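Structure record follows, encoded as structure tokens.
2 protein chains.
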Amino acid sequence: MRIIESVSEMQQQAGAWHREGKTICLVPTMGYLHSGHQALMRTAREGTDVVVASIFVNPTQFGPGEDFERYPRDLERDTRLAEQAGVDVIFAPRPREMYPEGFQTYIEVSEVTLPLCGQKRPGHFRGVTTVVTKLFNIVKPHRAIFGEKDFQQLVTIRRMVRDLNMEVEIVAHPIVRESDGLAMSSRNTYLNPEQRQVALCLSQSLETAQGMIDNGERNGEVILKKVREIVEARAGARIDYAQLAQPETLEATGALDGPCLLALAVFVGGVRLIDNRILYPAK
Amino acid sequence: MRIIESVSEMQQQAGAWHREGKTICLVPTMGYLHSGHQALMRTAREGTDVVVASIFVNPTQFGPGEDFERYPRDLERDTRLAEQAGVDVIFAPRPREMYPEGFQTYIEVSEVTLPLCGQKRPGHFRGVTTVVTKLFNIVKPHRAIFGEKDFQQLVTIRRMVRDLNMEVEIVAHPIVRESDGLAMSSRNTYLNPEQRQVALCLSQSLETAQGMIDNGERNGEVILKKVREIVEARAGARIDYAQLAQPETLEATGALDGPCLLALAVFVGGVRLIDNRILYPAK
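Quick mapping for you: the protein sequence lines, in order, are chains A and B. For reference, each letter of the first sequence is one residue, going 1 to 283 in our numbering. For reference, each letter of the second sequence is one residue, going 1001 to 1283 in our numbering.
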């Protein structure tokens, strides 16, 4: 397993792979890997010559007062977990090299970044699209894998790739969950055992919502009300948002006449967790 | 000479050239070619396998009330002139293909786009950087040539390329002038014979400025005052801006202790012309 920390070394290596006709698959991460990341890496492994995982806690996607400083980091452990999952190269650039003195260029995707997390975390998606563009230009992947837990991120990246004619195939990976339903996230490590139990309200309310639809409910407001009730019944849980949205444009919708994204952000103690589910009305 | 109008055809062709180990040089233009463009194309021709000239009047870099609709277009003539200058392929995409329904992604370069034309034409550079990024992703050039007449554009593109780790070498081409000094521009065709004479005030005032420096003047304000006087002495000429700036950051400067950009935008009749010159204090 090779670890590359230099941007120019990574870029040269990627160029060499291209000249050799090798295909590259990128799994962009912020590190502190868990089984969810490993599932993405195993998917990346299938049907490509080289798997690169990037590990970079990207400062530009954190807002003031967010958890950039305390975001968990452990490159040694990450290296082990990535190797287990079939990664060939870890690209772990230093922040000073990614954002040198005078840096001033950002990618802005407009409409799809406005609602949901975009409304709650101004500047977040600008940081994401910018770093992903940089990673694409450095690692030159033919394909890149993104988890559906960050559903708005996935939609935003897809939009950017299409709009800017980037030749990268974006592959979505389903949310990977703990056995009790909690969506895997590096931020789960912030939770104490009690909060860990409270955090189940996210996945449970999403499941309840699908159950309501299966039982014929078609009123979005009724479903969102129930979701909010389930979350707010837990001591220490506070809704940041609960929204129904069209899964491609992310426009708010109340109509449940086709697949519909139910997206959820909840503070558990001081920890902000997100989860989502595509709700399917029965045929 | 081949003309490609389809984005996917251009992208596939560029991919094929890469696999064959061929180098690509791009000359991005808005068409209505003149000898200035041809000089860029001849420079492109040197030391590359394939020269692609793009011809695209890019709607996103025109503001409301600007001359997008009346910007001169003549693809047949352009084809002839490009062929003369050694271009292999003209890429002339249709606007609907470059900006399809739902398009919403833009590249924003901040500081260097704030002064000069950026201040006068809000959104202009965002349109430029976005379309250039798209062209880079479609044509996949190893090198791209930009004229120094659009000096702020050149600085902005360089900054973007560095910030986003694009592997494209940006080559600057000196301003190409008519024999009487007028900087070549497709917009010169808007000028009637009288205005054509008035327009000489741009290059003449730039030359006067260098003359003043050669004679020991080091006060930027004195030089700018003289430039403004020369322009405003001409009936029908109106200064849009006249600025001295540091040539890399484009920050306003009054100090003439090193190379300094003198940038000028002047309305002649309804036509907005720009010109610039790097002033060099004598050693």
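A virtual CB, placed ideally from N, CA and C, is assigned to each residue, including glycine. Given the structure is predicted, the values throughout are model-derived calculations rather than measurements.
Going along chain A, which residues have a C-beta under 7 Å from residue 1166 of chain B?
-> 137
8 Å Cβ cut-off: residues of chain B touching residue 11 of chain A | 1165, 1167
Do you know offhand how far residue 282 of chain A's Cα is from residue 160 of chain A's?
-> 32 Å
Using a Cβ-Cβ distance under 7 Å, would residue 1109 of chain B count as near chain A?
-> yes
Which residue or residues does DSSP assign as beta-bridge partners of residue 28 of chain A?
-> A:54
From the beta carbon of residue 103 of chain A, is the nearest beta carbon of chain B less than 7 Å away?
-> yes
Rounded to whole angstroms, how far is the Cβ of residue 1031 of chain B from the Cβ of residue 1147 of chain B, which I believe are closer than 8 Å?
-> The Cβ separation is near 14 Å, so there is no contact.
Any C-beta of chain A sitting closer than 7 Å to the C-beta of residue 1134 of chain B?
-> yes
Where DSSP assigns a beta bridge to residue 157 of chain A, which residues make up the other side?
-> Answer by DSSP bridge pairing: none, since residue 157 of chain A is not bridged.
Tell me, please, whether the CB atom of residue 1292 of chain B is closer than 7 Å to any CB atom in chain A?
-> Look at the range of chain B in this structure, 1001 to 1283, and you will see that residue 1292 of chain B is not part of it.
Residues of chain B with CB under 7 Å from residue 160 of chain A, in chain order?
-> 1105
Put residue 1002 of chain B into one of helix, strand or coil per three-state DSSP.
-> strand
Bridge partners - residue 1138 of chain B, DSSP secondary structure assignment = According to DSSP, residue 1138 of chain B bridges with nothing at all.
Roughly how many whole angstroms lie between the Cα atoms of residue 1246 of chain B and residue 1002 of chain B?
-> 41 Å
Give me the Cα-Cα distance between residue 1119 of chain B and residue 1206 of chain B, rounded to the nearest whole angstrom.
-> 21 Å
Would residue 1214 of chain B be called buried (16 or more neighbouring beta carbons within 10 Å of its own) or exposed?
-> exposed
Burial state of residue 1179 of chain B (16 or more Cβ within 10 Å) | exposed
Straight-line gap, residue 1050 of chain B to residue 223 of chain A (C-alpha atoms, nearest Å) | 59 Å
Buried or exposed (CB count within 10 angstroms, at least 16 for buried), residue 1185 of chain B | buried
What's the gap between the Cα of residue 1115 of chain B and the Cα of residue 29 of chain A?
-> 37 Å
Just curious, the beta strand (DSSP E) that residue 172 of chain A is in, first and last residue?
-> 169-173
Name the residue from B:1173, B:1009, B:1164, B:1016 whose alpha carbon lies nearest to the alpha carbon of residue 105 of chain A.
-> B:1164
Tell me the DSSP bridge mates of residue 263 of chain A?
-> A:243, A:276
Do the region 1228-1237 of chain B and the region 1187-1200 of chain B meet, that is, are 3 or more Cβ pairs less than 8 Å apart?
-> yes
Within chain B, the residues that residue 128 of chain A reaches when beta carbons sit closer than 7 Å | Within 7 Å Cβ-Cβ: nothing; residue 128 of chain A doesn't reach chain B, min ~13 Å.
Span of the beta strand (DSSP E) around residue 109 of chain A = 105-109
For residue 171 of chain A versus residue 126 of chain A, is the C-beta distance shorter than 7 Å?
-> no
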